[in-house]
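With UniProt numbering as the guide, the letters of the sequence shown map in order to residues 1 to 194. Using N, Cα and C, we set each Cβ at its ideal position, and we do this for glycine too.
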Amino acid sequence: MLRPVRLSAPASTPVSLAEAKSHLRVEFDDDNELINSLVLAAVAHLEGWNGVLGRCLVTQIWRQDFGAWGNGCLRLPFPDVTSVTVKYFDRDNAEQTVPAEQFEILEDARGAFLRFIDAFAGPSLYEDRSDPVQVSFAAGYGDAAAVPQSIKQAMLLLIGHWYENREAVNIGNITSVLPMAVDALLAPHRRVGI
Numbered sequence: 001m002l003r004p005v006r007l008s009a010p011a012s013t014p015v016s017l018a019e020a021k022s023h024l025r026v027e028f029d030d031d032n033e034l035i036n037s038l039v040l041a042a043v044a045h046l047e048g049w050n051g052v053l054g055r056c057l058v059t060q061i062w063r064q065d066f067g068a069w070g071n072g073c074l075r076l077p078f079p080d081v082t083s084v085t086v087k088y089f090d091r092d093n094a095e096q097t098v099p100a101e102q103f104e105i106l107e108d109a110r111g112a113f114l115r116f117i118d119a120f121a122g123p124s125l126y127e128d129r130s131d132p133v134q135v136s137f138a139a140g141y142g143d144a145a146a147v148p149q150s151i152k153q154a155m156l157l158l159i160g161h162w163y164e165n166r167e168a169v170n171i172g173n174i175t176s177v178l179p180m181a182v183d184a185l186l187a188p189h190r191r192v193g194i
């Protein structure tokens, strides 16, 4: 499977600037730019292809490319898929679209996958492309309000830590990870074994 490509970023972040400032107990606006960047860093740390959760938080559009039809099933990189468009490049390298009634979106313990109906005979593909089958899809919990509160709380803890500790090292202090904090909040939502 090739690396997925994000086509459209989410419309908002799971945690707003106002929520982050409230958590940090910051009442002034001087640090708004910094706090916004910390919110974005927390999102990047958690979601997407490289994120520790291995899933999308707020709905966004991605494309996964495939080199073949895949025995009637195409595994998508994220769960919580709500819509899918399947395009392919035919023998003449002309882009074609597979009608939606030719496949269904299913989800198992490993995440979402696309299953073609039994009558679907995958058309011949253009041979000089590594990506002749392209699946575009929306993935995520929905809007920011639909993101589980435990994920939002973990984000706020990360933002708070980064706001208070702006350097990469801590000299002269004993540090430790708080039990039942970020890792415990994220564990139920983390995808493994992709």
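Taking DSSP's pairing of strands, which residues face Thr85 in a bridge? Residue pairing from DSSP places Thr85 in a beta bridge opposite Ser136.
Between the CA atoms of Ile171 and Ala18 - distance to the nearest angstrom: Computed Cα separation, rounded: 32 Å.
Compute the Euclidean distance between the alpha carbons of Ile159 and Asp65, then round it to the nearest angstrom. The alpha-carbon separation between Ile159 and Asp65 amounts to approximately 34 Å.
For Val5, tell me which candidate among Lys152, Ala184, Gln134 and Ala146 has the shortest Cα-Cα distance. From the listed residues Lys152, Ala184, Gln134 and Ala146, the smallest Cα separation to Val5 is found for Gln134.
Got a sec? Which residues, its chain only, sit under 8 Å from Ser124 by beta carbon, not counting five neighbours each side? Counting only Cβ-Cβ distances below 8 Å, and skipping sequence neighbours, we find Asp90 and Arg91.
Out of Val43, Ser37, Gly70 and Pro10, point me to the one whose CA is closest to Asp131's CA. For Asp131, the nearest C-alpha among the options comes from Gly70.
In chain order, which beta strand (DSSP E) runs of at least 3 residues are fully inside the segment 22–75? The segment 22–75 contains, as complete beta strand (DSSP E) runs of 3+ residues, the segments 60–66 and 73–75 (chain order).
Can you check whether the CB of Val86 is closer than 8 Å to the CB of Thr97? Contact flag set, yes.
Under 8 Å: do the segment 11–25 and the segment 39–50 share three or more Cβ pairs, one atom per stretch? Of all C-beta pairs linking the segment 11–25 to the segment 39–50, three or more are shorter than 8 Å, placing the two stretches in contact.
Within the segment 114–167, note down every full alpha helix (DSSP H) run reaching 4 residues or more, in order along the chain. Correct list: 149–164.
Relative to the C-alpha of Ala112, which residue among Gly140, Phe120, Ala121 and Gln102 is closest? Selected option, being the one with the closest Cα: Gly140.
How far does the alpha helix (DSSP H) with Asp90 in it reach, from first residue to last? Run containing Asp90: none; DSSP gives neither H nor E here.
Would you please state the rounded distance, in angstroms, between the beta carbons of Ser12 and Val43? I believe it to be under 8 Å. Cβ-Cβ separation between Ser12 and Val43: approximately 10 Å, too far for a contact (criterion under 8 Å).
Neighbourhood of Trp49 by C-beta, 7 Å cutoff - its chain only, sequence neighbours within 5 removed: Correct list, in chain order: Arg3, Pro4 and Pro77.
Identify every residue that forms a DSSP beta bridge with Ala109. Per DSSP, none; premise fails for Ala109.
Taking the alpha-carbon positions, what's the Ser136 to His23 distance? Going by the C-alpha atoms only, they are around 36 Å apart.
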